[in-house]
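Undergrad: Okay, here's the structure, questions in a sec.
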Amino acid sequence: MSINGPGAPAPTPDRPHDALLLDDPQEWPAFGRPCGAADAPAWDSQVVLEGMHCAACALTIEDALRAVPGVQQAEVSAATRRARVVWHPDQVRPSQWVEAVRKAGYRALPAMDAFARAQRQRESRRALWRWLVAGFCMMQVMMYAWPAYVALPGDLTGEMEQLLRWASWVITLPVMIFACGPFFSSALRDVRLRRVSMDLPVALGMAITFVVSTAGTFDPTGIFGKEVYYDSLTMFVFFLLTGRWLELRLRDRTAGALEAVMNRLPDSVERRGADGAFTRVATRRLVAGDTIRVLPGEAFPADGRITAGSTQADEALLTGESTPVARPVGSMVTAGSYNLQSPVEVRVEGTGAETRFAQIVALMENASLQKPRLAQLADRIARPFLVAVLLAAVLAAAWWWPTDPGHALMVGVAVLIVTCPCALSLATPVAMLTAAGTLARHGVLVRNLQGLEALASVDTVVFDKTGTLTRDGMALQAVHVANGWSREDALSLAAALARHSVHPASRALVAAAPAEPGRWAVDGLAEEAGQGLSARVSDGAGAMRQIRLGSASHAGVAPQDGSTALQVVLSEQTAEGQGLELARFELTEDLRTEAPAVVQALEQEGIAVHLLSGDRAGAVRRVAEQAGIREAQGGCTPQGKLAALQALQSQGRHVAMVGDGLNDGPVLAGAHVSFAFGRAVPLAQSRADFVVLGDSLALVPQAVLLARRTLRVVRQNLWWAAGYNALCVPLAVAGWMPAWLAGLGMALSSLLVVLNAARLSRGLPAPGQGAAAQPSSSLQPTLEPA
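Each residue of the sequence shown is one higher than the one before, counting from 4 in our numbering.
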């Protein structure tokens, strides 16, 4: 194991070898991927965090990570409890920034599948045990407190009342030591580091209540001997732990849906050794050329080709199709898809960042750690709000102190508990992440979480034509060649250039061309987005030609009207810079069957629909009429599309752009929010806010409706959090809210926020039936949750 390098620390008593395992470069791909320029490589790593509960914790961890030299970027999500760290291996090693997190009072674990799942299971078990202890002790304490509530004067002797207090004190000890342990450890950490988090007011409230009650138990004649509050304390702890445990479970089902999709790959797989026997090894140890055996029900851990056996695969996450796909011997299988039928042997051809699944995971991880604008606002006010909570509690206690010191402290406790801003910090991120998880399960990846907020306010949707409103594939209808050229030679030359492009027209020409590449050798090829290709081409005899393939304007020739087919021109550039037409190809494309219903659904929701295309005006008008689009414009260059988009925006429109993700790069980046549509989208290059993996346009209006529903849920959560505090704080200050009721209100406020967000995980809404409706059969895409 190599752990040496610039800045790599040596093992010490507080830095054991286990932590330094992270410094082994062979381990880095397990929880990150390289990024940055080739001359200055950096690593983008993901870690799971233990011990954090709120937005203030997230800010603390971010500050600790950013203070480490060599850490270029740090983003922490309180909702997912994950962190993204971009660091430079020449300046810092993972063990150093992990140690910085530890010194801040938290624990960072590599976000490997096994670590993440084991961490969630441990956390859930510990939370359940604390809840059970608190609940059992609460019932016992209530049994001892009940006589004091119902007894008439003289029914209880002083000795009996004192005995009941002592019994309650003894039973409350396990609650304080075990059930409340995380709150006190977090509060002590805050005090030691001179900061404030949401656990500090809660821990202060618990400690004050226990101290006041203990003083009343040990000294019944003192200033605090009038009453003890063990029942309120245990009830408050029980309600608080109930809320946190349910919140944890709900968070795993809602915001945790993203992580469930990301953790599809198995932790280990059977690999054939030199002796021909299969042994189980870690997935991250696979390399190209290995032969692995994948059992039914397991996910394929890498891209490869089946060498033995045949099966069916579920490729829903990767292609958007839920129908199982037959995979016989010789077929390619992709990482992240599931083997459904029988054991197969696969020769590994691509692993790690080389796979499309890795690109999908990278997009989802980055989205899960982004902070929407409303969440950033909540984070900024979290710390000042907590300081105000402490001051309000002190002032309330001081106001009541002359009347009754014991009651004054309990008023302060109620203020501390009831004003904890947990619900405020969860209101936005939980809803956004739940919506992102729902979209991911239906084949829409959210690259930019802020895009959900922008999508909710969209009033105009602009579609591209080729590969978006029309089918991804095109067919060659006719070939018109110049004198001296044959159909085969023209197709062969056009295909020599088209092989370097993923545009549907290029793929159609390659498919129609002869299988043999011919005599053409291409050099210096360049692609102008939305226009065409140009290159220097040798004909095999040494003569070099400057060839262009694309639109008539790109080829430098006059356009021809009278045909509605898409025309692609092949031309040679003369010495004078003129275009000499060699061939003209007519391609046909079919409108997607669901396009008219999608356009109608958008218009029913009050959204205007436009069509912008680089194709000829006649072809664009034909497609627009078939789809029911009234506003259509053809012959647009990429700059022309951007200008048309900006013209709509200057009218006050909020515009969403739906394109192919490659040729529409400038206009996708210029829209308020954008969709990259089609399976051929190179995810790493896509500039869209949403990437549609499936093959159904219906996902666009459904995503718009889900975004609107998400913003309604966010506003409801924020109004609930604000209204709860506006109502309960005056009651607590006035002394009308006991500690147990404050704890119940605090737990319920956070729980209601998460429950409200959980409604977003039911599925995608159906256009035309209201945001709460279920998807209709006509617009429902085929992809279902895997």
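Glycine included, every Cβ here is placed at the ideal spot set by N, Cα and C.
Mark ARG84 as exposed unless 16 or more other C-beta atoms lie within 10 angstroms of its C-beta, in which case mark it buried.
TA: Classification of ARG84: buried, given that the 10 Å Cβ count is 16 or more.
Undergrad: How is CYS38 classed by DSSP in three states: helix, strand or coil?
TA: DSSP places CYS38 in strand when its eight states are reduced to three.
Undergrad: Tell me which residue opens and which closes the beta strand (DSSP E) that ALA3 is part of.
TA: Absent from the model: residue 3. The displayed extent of the chain is 4 to 789, so no value can be given.
Undergrad: Please state whether DSSP places GLN688 in a helix, a strand or coil.
TA: Summary for GLN688: the model assigns pLDDT 47, below 50, so the residue's position carries little reliability; its value from the coordinates is reported in the next sentence. Of the three classes helix, strand and coil, the one that applies to GLN688 here is coil, per DSSP.
Undergrad: Excluding the five sequence neighbours on either side, which residues of its own chain have a C-beta within less than 7 angstroms of the C-beta of GLU301, listed in chain order?
TA: Closer than 7 angstroms at the Cβ level, and outside the excluded window around GLU301, lie PRO269, ASN342.
Undergrad: Which whole-angstrom value describes the C-beta separation of ALA77 and GLU65, a residue pair presumed to lie in contact below a C-beta threshold of 8 angstroms?
TA: Confirmed, Cβ separation roughly 5 angstroms.
Undergrad: What is the residue span of the beta strand (DSSP E) that SER556 lies within?
TA: SER556 -> not in any beta strand (DSSP E); alpha helix (DSSP H) instead, spanning 555 to 558.
Undergrad: Between which two residues does the alpha helix (DSSP H) holding GLY2 run?
TA: Because the chain spans 4 through 789 in this model, residue 2 falls outside it and cannot be assessed.
Undergrad: Between the Cα of ALA706 and those of ALA546, VAL449, GLN629, spot the shortest distance and give me the residue it belongs to.
TA: Checking every option, the nearest Cα to that of ALA706 belongs to VAL449.
Undergrad: Report all residues from its chain with a CB closer than 7 angstroms to the CB of GLY307; omit the five preceding and five following residues, and keep chain order.
TA: Hits under 7 angstroms: VAL336, VAL349, ARG350, VAL351, GLU352.
Undergrad: Which residues in the same chain as ALA434 place their Cβ atom closer than 7 angstroms to its Cβ, once the five residues preceding and following it in sequence are excluded?
TA: If we look at ALA434 and ignore the five residues flanking it on each side, its Cβ neighbours are THR713, VAL716, VAL717, ASN720, ALA760, LEU763.
Undergrad: Are three or more beta carbon pairs between the segment 478 to 495 and the segment 584 to 596 nearer than 8 angstroms?
TA: Output reads yes: the segment 584 to 596 touches the segment 478 to 495.
Undergrad: With DSSP run on the structure shown, which of helix, strand or coil describes TRP791?
TA: This structure cannot speak to residue 791, because the chain is shown only from 4 to 789.
Undergrad: By DSSP's criteria, ASN342 is part of a beta bridge. Which residues make up the other side?
TA: According to DSSP, ASN342 bridges with ALA316.
Undergrad: Between the alpha carbons of HIS20 and SER98, how many angstroms are there, rounded?
TA: Note on HIS20: pLDDT 41, under 50, position unreliable in the model; no value is reported.
Undergrad: Just the C-alpha distance for PRO72 and TRP100, rounded to the nearest angstrom, thanks.
TA: Straight-line Cα distance between these residues: approximately 9 angstroms.
Undergrad: MET201 by DSSP, collapsed to three states: which one?
TA: Three-state result, MET201: coil.
Undergrad: For LEU615 versus LEU594, is the C-beta distance shorter than 9 angstroms?
TA: Cβ distance not < 9 angstroms, so LEU615 and LEU594 don't count as in contact.
Undergrad: Counting along the chain, where does the beta strand (DSSP E) carrying LEU289 start and finish?
TA: Unbroken run through LEU289: none, as it is neither H nor E.
Undergrad: Mind the definition here: the segment 201 to 216 touches the segment 400 to 420 only if three or more C-beta pairs lie below 8 angstroms; say whether that holds.
TA: Judged by Cβ distances under 8 angstroms, the segment 201 to 216 makes contact with the segment 400 to 420, as three or more pairs qualify.
Undergrad: Opposite ASP47 in the DSSP bridges: which residues?
TA: Note: ASP47 sits in a beta bridge opposite ARG36, VAL89.
Undergrad: Just the C-alpha distance for ALA532 and GLN652, rounded to the nearest angstrom, thanks.
TA: Their Cα atoms are separated by approximately 22 angstroms.
Undergrad: With DSSP as the reference, identify every bridge partner of ASP359, one or two as the case may be.
TA: In the sequence as displayed, the identity of residue 359 is Arg instead of Asp. Looking at the DSSP assignment, ARG359 forms no beta bridge with any residue, so it has no partner.
Undergrad: Use the C-beta contact count for ALA769: other C-beta atoms within 10 angstroms, 16 or more gives buried, fewer gives exposed.
TA: Buried is the call here.
Undergrad: Which first and last residues belong to the beta strand (DSSP E) in which GLN570 is found?
TA: Counting along the chain, the beta strand (DSSP E) containing GLN570 begins and ends at 569 to 576.
Undergrad: Within 10 angstroms of its Cβ, does SER345 collect 16 or more other Cβ (buried), or is it exposed?
TA: The residue is exposed, with fewer than 16 neighbouring Cβ atoms inside 10 Å.
Undergrad: Start and end of the beta strand (DSSP E) containing THR591?
TA: Its beta strand (DSSP E) spans residues 582 to 591.
Undergrad: Whole-angstrom Cβ separation of LEU700 and GLU634, contact assumed at under 8 angstroms?
TA: Contact flag wrong, Cβ pair sits at about 17 angstroms.
Undergrad: Which partner residues of ILE295 appear in the DSSP bridge assignment?
TA: Its beta-bridge partners are ARG274, VAL349.
Undergrad: Restricting to Cα atoms, I'd like to know which of MET749, GLY470, GLU530, GLY440 is closest to ARG765.
TA: It is GLY440.
Undergrad: Could you have a look at SER98 and say whether DSSP puts it in helix, strand or coil?
TA: It is helical.
Undergrad: Quick one: residues in its chain with C-beta nearer than 7 angstroms to the C-beta of ALA691, no 5 flanking neighbours on either side, listed in chain order?
TA: Excluding sequence neighbours, ALA691 sits near ARG450, GLY664, LEU671, SER677, PHE678, ALA679.
Undergrad: Suppose you measure from the CA of PRO327 to the CA of ALA316; what does that come to, to the nearest Å?
TA: PRO327 and ALA316: Cα-Cα distance of roughly 5 angstroms.
Undergrad: Kindly confirm or deny that the segment 573 to 581 and the segment 532 to 552 touch, where touching means at least three C-beta pairs closer than 8 angstroms.
TA: The answer is yes - the segment 532 to 552 touches the segment 573 to 581, with three or more Cβ pairs under 8 angstroms.
Undergrad: Alpha carbon to alpha carbon, how far is GLN688 from VAL694?
TA: For GLN688, the pLDDT reaches just 47, beneath the cut-off of 50, and the residue's location in the model is therefore unreliable, although a value from the coordinates is still provided. Their backbone Cα atoms lie some 11 angstroms apart in a straight line.
Undergrad: Whole angstroms is fine: what's the gap from VAL757's alpha carbon to ALA725's?
TA: Taking the straight line joining both Cα atoms gives about 15 angstroms.
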